[in-house]
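Trainee: Mind looking over this structure? Questions follow.
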Amino acid sequence: MVRMRMIALLAVLVLCAGSAMAAVVYEAELLVDNVIGGCDCGAYGQATLIVNDEATMASLTLNFAGLQSAQTGAALLVGAEDAVGTMLLELAVGSPLATTIDYTPELDAALANDELIIQVYSENCPDGATRGSFVFVTVGVEAHTWSNVKAMFN
454 MVRMRMIALL AVLVLCAGSA MAAVVYEAEL LVDNVIGGCD CGAYGQATLI VNDEATMASL
514 TLNFAGLQSA QTGAALLVGA EDAVGTMLLE LAVGSPLATT IDYTPELDAA LANDELIIQV
574 YSENCPDGAT RGSFVFVTVG VEAHTWSNVK AMFN
């Protein structure tokens, strides 16, 4: 009887935890070819933006490589893929970069309109060394079955 109650409790915890793990995720692939006005520096990278359940904060990670000169900055921009864009938020320099940012109405609108861009700048490429547009991605959540829960106690 105690064992069945433990299994039932664990099942509820696992199922609740699984639903809490859902998140809104956006990714950007940074490429030299995406920079407006281009700069041939060979830089590339990847960025991920994960919005919390309350839509108040977002976790941003940025990884890039291939700069042929020192990095001078990074920024989130708002604009069409084929436009320079306007500065939304200046980011710290360095790779990898992991930071938390406020989820503002401007950020929400840029993501909703597919207009959020991340760009990295360098000494040789002051107008941008690499750049990418954020797109929504579907993240699979592994379903937990009753058999998996029972197997933990066998």
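Per our numbering, the sequence shown starts with residue 454, numbered consecutively.
Each residue gets a CB set at the ideal place from its N, CA and C atoms; glycine is no exception.
Small disclaimer: the values here were computed from a predicted structure and weren't measured.
Please look up how many angstroms separate the CB atoms of Val531 and Leu569, rounded, as I've assumed it's under 8 Å.
Mentor: 7 Å
Trainee: Tyr572 and Ala528: beta carbons closer than 8 Å?
Mentor: First, the amino acid is wrong: residue 572 is Gln here, not Tyr. Going by C-beta atoms, Gln572 is nearer than 8 Å to Ala528.
Trainee: Going residue by residue through the region 502-543, where are the continuous beta strand (DSSP E) segments of at least 3 residues, counting only ones entirely within it?
Mentor: 510-518 and 524-531
Trainee: Per DSSP, which residues does Tyr574 bridge with? Please list them.
Mentor: Gly526
Trainee: Whose C-beta lies closer than 7 Å to the C-beta of Glu576 among residues of the same chain, with five residues either side of it excluded?
Mentor: Ser522, Ala523 and Thr525
Trainee: Could you tell me whether the Cβ of Leu542 comes closer than 8 Å to any Cβ of chain D?
Mentor: Among the protein chains of the structure shown there is no chain D, as only one such chain exists.
Trainee: Quick check on Val478: does DSSP put it in helix, strand or coil?
Mentor: strand
Trainee: Determine whether the beta carbon atoms of Val488 and Val590 lie at a separation below 8 Å.
Mentor: no
Trainee: Can you list, in chain order, the residues of its chain whose CB lies under 7 Å from that of Val537, leaving out five sequence neighbours each side?
Mentor: Ile489
Trainee: Considering just the uninterrupted stretch of the alpha helix (DSSP H) at Asp561, what are its terminal residues?
Mentor: For Asp561, the uninterrupted alpha helix (DSSP H) segment begins and ends at Pro558 to Ala565.
Trainee: Please work out which residues of its chain come closer than 8 Å, Cβ to Cβ, to Tyr574, disregarding the five sequence neighbours upstream and downstream, and give them in chain order.
Mentor: Gln524, Thr525, Gly526, Ala527, Ala528, Asp580, Gly581 and Ala582
Trainee: What do you get for Asp535, buried or exposed, if any count of 16 or more other CB atoms within 10 angstroms of its CB means buried?
Mentor: With fewer than 16 Cβ atoms within 10 Å of its Cβ, Asp535 is classed as exposed.
Trainee: Is Ala481 near Val592, with beta carbons less than 8 Å apart?
Mentor: no
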